[in-house]
Structures are given as structure tokens and as C-alpha cells.
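Participant: There's a structure below that I have some questions on.
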Amino acid sequence: MGPGGEGFVLSIQVEIPGQAKPVTCSTRFEDLGVGDRLLVEIDGKTTFGWVARVPLELDWGGRKPRGKVLRRASRADEERQSHIEARRQEWLEIAREMVAEHGLPMRVLRADLTPSGGKATFFFVADGRVDFRALVRDMARRLRARVELRQIGVRDATVLQGGVGHCGQSLCCARFLDGFAPVSMRMAKAQGLPLNPSKISGQCGRLMCCLRYELDDPGRGGGGKARRKGPRRGAGGGNCQAGRCKKRAPDAAPKGPAGGGESSEERS
């Protein structure tokens, strides 16, 4: 608990290799700086990362950040991570080559490896269901490891890849959003925005999440009325539609890519 009182937690933003979106982690270290290497625990697993934003106090309302800083990384930790990262990139390229060899209509976006290298999880996108059972078996034999293929949706894929929105800033979903709230064309119409899909859709091809930001309703239900007399100024003082949206404090920790589609695992 930070010095700010009950409910306040000293937290930092940690970048994880292979992920565009930083993870919020609680910490007991007050002297961390941007770029410091760390070992953190996220979803019960120990992983390597580095500080993306220096410590700040957040009121989590009795909840806890998704991750926790365990300790600073040692030289041995950094060397081990360098080896894992090289293997991760190599296996990602192998996976893409094998997908092409099997002629499957899928695109592999990311590979996650356990520290021991005994298991690899590959995230991919596809337009529909894909029978990748033969691919999983061949990959397990070639990599000599347990292999899991996990299909994700286009929104989760955008979170993994990151990018820049129409406003010129990093995508909200890859920067601070906790999840994907419903967005409707009605929200754009209520704000007098052009109903041209190319102008109000994000990189994922879906309506932009920021269409909700201009609604008067402070809740996330989107049931409020849009302001007609000018853009709404949020807590950060920015207008998202004008490209000056400031980051909001996170409310809850996302769980990472959601395996909303097919998932399969094969042992070597």
C-alpha cells in the first residue's frame, strides 16, 4: 500500500517482449527509472520486462494491478532473456514458414515461450475456422516442444501489433484500454461525425473505441447524450476526436489476448 492511503498502490508500467501493450504492476521499489530491467509476476508466471513508465500511485479501489515486480533483473537474467528472445523470433519465423507449407489461411502474429523453452504458444488470426491439427503435430516434431495454436479476433490482434490511430497517437487498445466496450454507429451520428466507415473505423476494421469518449455519460455504457456545443474535456484535459486525448488511469487489468477461437496443443 502506497503512502497515499488505503486503496492506493504504487505501480509502474512494464513492457513485455513481444507485446505492444504495457502491463501495470505493483512495486515496492520507489527508485525505478524508465528502462530498468525487471523480473515481474503476471498471471502467476514470472517473466522479464523493463520499465515503460516511472512509479505512480493509482487508486485501485481494493483491487490489485495485474502484475507484481519481483526484483531487478541480474546480468544472468538479461543473458537468459536474450537467448529466449532470439529463440522466440526464430520459432515465429519457422511457424510462419510451416503455415505457408501447409497452405493454411491463417496469419501467425506472435509466439510466447516458457523460460525453459519446453512450450510455445502461437497466436494467429483467420477469417474462419481452420483445421490446423496436422500443422500442430509437425511443429511439435520440428521444434521438439509442446505447441499450442490459439486463434484470436481482429481486435485482440490489433492489441498485439499496436499502431497509430487517426489522431496520430498510439492506439488506445494497445496503450491503456482494459477491454472492448460496445460501440455503435449511433454514437458517431449523435456527435455529428461523418458516417463514412473509413473515417470512424480503427485499424481492426471496427468502429473506433474513442467514439464513446465524447458522450456525456461518465459511465462506460454509452447511454449518454453527445455534447453539441463543443468537445468534451476529460480529466486529462484532452479532446480525443481532435487528436489531443490524454491517457486515463487503468481501471482493471486485461488478461491479454483472448482465445476466442480455436485452440489446440500438441506435445513433441
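Basically the numbering used here = 1-based index in the sequence shown + 130.
Just so it is clear, CB atoms sit at the ideal spot from N, CA and C, and this is done for glycine as well.
Taking only three categories from DSSP, how would you classify alanine 241?
Facilitator: Within the sequence shown, numbered from 1, the residue matching residue 241 stands at position 111. Residue state, collapsed to three classes: strand.
Participant: Restricting to Cα atoms, I'd like to know which of Gly293, Trp180, Val229 and Lys151 is closest to arginine 263.
Facilitator: Within the sequence shown, numbered from 1, the residue matching residue 263 stands at position 133. Minimum Cα distance to arginine 263 is reached at Val229.
Participant: If I measure Cβ to Cβ from leucine 222 and keep anything under 8 Å in the same chain, skipping five residues before and after, which residues do I get?
Facilitator: Here residue 222 is taken as the residue at index 92 of the sequence shown, counted from 1. So the qualifying residues of the chain are Val238, Arg240, Ala241 and Phe252.
Participant: With a 10 Å radius around its C-beta and 16 neighbouring C-beta atoms as the bar for buried, classify leucine 273 as buried or exposed.
Facilitator: Taking the first residue of the sequence shown as position 1, residue 273 is located at position 143. When all chains shown are included, leucine 273 counts as buried.
Participant: For glycine 368 and aspartate 268, I'd like the C-alpha separation in whole angstroms.
Facilitator: Here the question's residue 368 lines up with position 238 in the sequence shown. Here the question's residue 268 lines up with position 138 in the sequence shown. With a pLDDT of 43 at glycine 368, under the threshold of 50, the predicted position of this residue should be treated as unreliable, and no value is reported.
Participant: Give the DSSP-derived three-state secondary structure of arginine 316 in the structure shown.
Facilitator: Mapped onto the sequence shown, residue 316 falls at position 186. Arginine 316 falls in the helix class under three-state DSSP.
Participant: Looking at C-beta atoms only, is the number of pairs between the region 254–263 and the region 291–308 that lie closer than 8 Å three or more?
Facilitator: No, the region 254–263 is not in contact with the region 291–308.
Participant: With a floor of 3 residues, list each beta strand (DSSP E) that falls wholly inside the region 206–258, ordered by position along the chain.
Facilitator: You should have 237–243 and 249–255.
Participant: I need the DSSP call for arginine 342, collapsed to helix, strand or coil.
Facilitator: Looking up residue 342 in the sequence shown gives position 212. Three-state DSSP puts arginine 342 in a helix.
Participant: Leaving aside the five residues before and after arginine 226 along the sequence, list all residues of the same chain whose C-beta is less than 6 Å from its C-beta, in chain order.
Facilitator: Your numbering for residue 226 matches position 96 in the sequence shown. Hits under 6 Å: Val238.
Participant: Return the CA-CA distance between alanine 288 and glycine 298, expressed in angstroms with no decimal places.
Facilitator: Within the sequence shown, the letter at position 158 stands for residue 288. Within the sequence shown, the letter at position 168 stands for residue 298. The amino acid at residue 288 is misidentified as alanine; the sequence shows threonine. Their Cα atoms are separated by approximately 16 Å.
Participant: Go to serine 141, then tell me how far its beta strand (DSSP E) extends in each direction, as first and last residue.
Facilitator: Here the question's residue 141 lines up with position 11 in the sequence shown. Run containing serine 141: 138–145, per the beta strand (DSSP E) assignment.
Participant: Between which residues of its own chain and glutamate 160 is the CB-CB distance below 8 Å, once the five residues before and five after are set aside?
Facilitator: On the sequence shown, position 30 is the one that residue 160 refers to. Hits under 8 Å: Leu140 and Pro185.
Participant: With H, G and I counted as helix, E and B as strand and the rest as coil, what does DSSP make of alanine 311?
Facilitator: Your numbering for residue 311 matches position 181 in the sequence shown. Residue state, collapsed to three classes: coil.
Participant: Classify threonine 176: buried if its beta carbon has 16 or more other beta carbons within 10 angstroms, exposed otherwise.
Facilitator: Position 46 of the sequence shown, counted from the first residue, corresponds to residue 176. With fewer than 16 other Cβ atoms within 10 Å, it is exposed.
Participant: By the three-class DSSP mapping on this structure, what secondary structure does proline 185 have?
Facilitator: Taking the first residue of the sequence shown as 1, we reach residue 185 at position 55. Residue state, collapsed to three classes: strand.
Participant: When you compare the CB positions of aspartate 207 and leucine 162, do they come within less than 8 Å of one another, or not?
Facilitator: As a first step, residue 207 is located in the sequence shown; it is residue number 77 there, counting from the start. As a first step, residue 162 is located in the sequence shown; it is residue number 32 there, counting from the start. For aspartate 207 and leucine 162, no; Cβs fall outside 8 Å.
Participant: Relative to the C-alpha of valine 199, which candidate in Asn326, Met236, Asp173 and Cys155 has its C-alpha closest?
Facilitator: Within the sequence shown, numbered from 1, the residue matching residue 199 stands at position 69. Measuring from the Cα of valine 199, the nearest candidate turns out to be Cys155.
Participant: Output the distance between the C-alpha atoms of glutamine 219 and alanine 250, rounded to the nearest integer angstrom.
Facilitator: As a working mapping, residue 219 is identified with position 89 in the sequence shown. As a working mapping, residue 250 is identified with position 120 in the sequence shown. Roughly 12 Å separates the two Cα atoms.
Participant: Between the alpha carbons of leucine 323 and isoleucine 330, how many angstroms are there, rounded?
Facilitator: Locating residue 323 in the sequence shown gives position 193, where the first residue counts as 1. Locating residue 330 in the sequence shown gives position 200, where the first residue counts as 1. C-alpha separation (whole angstroms): 8 Å.
Participant: On the three-state DSSP scale, how would you describe proline 274?
Facilitator: Position 144 of the sequence shown, counted from the first residue, corresponds to residue 274. The question names proline, but residue 274 in the sequence shown is arginine. DSSP places arginine 274 in coil when its eight states are reduced to three.
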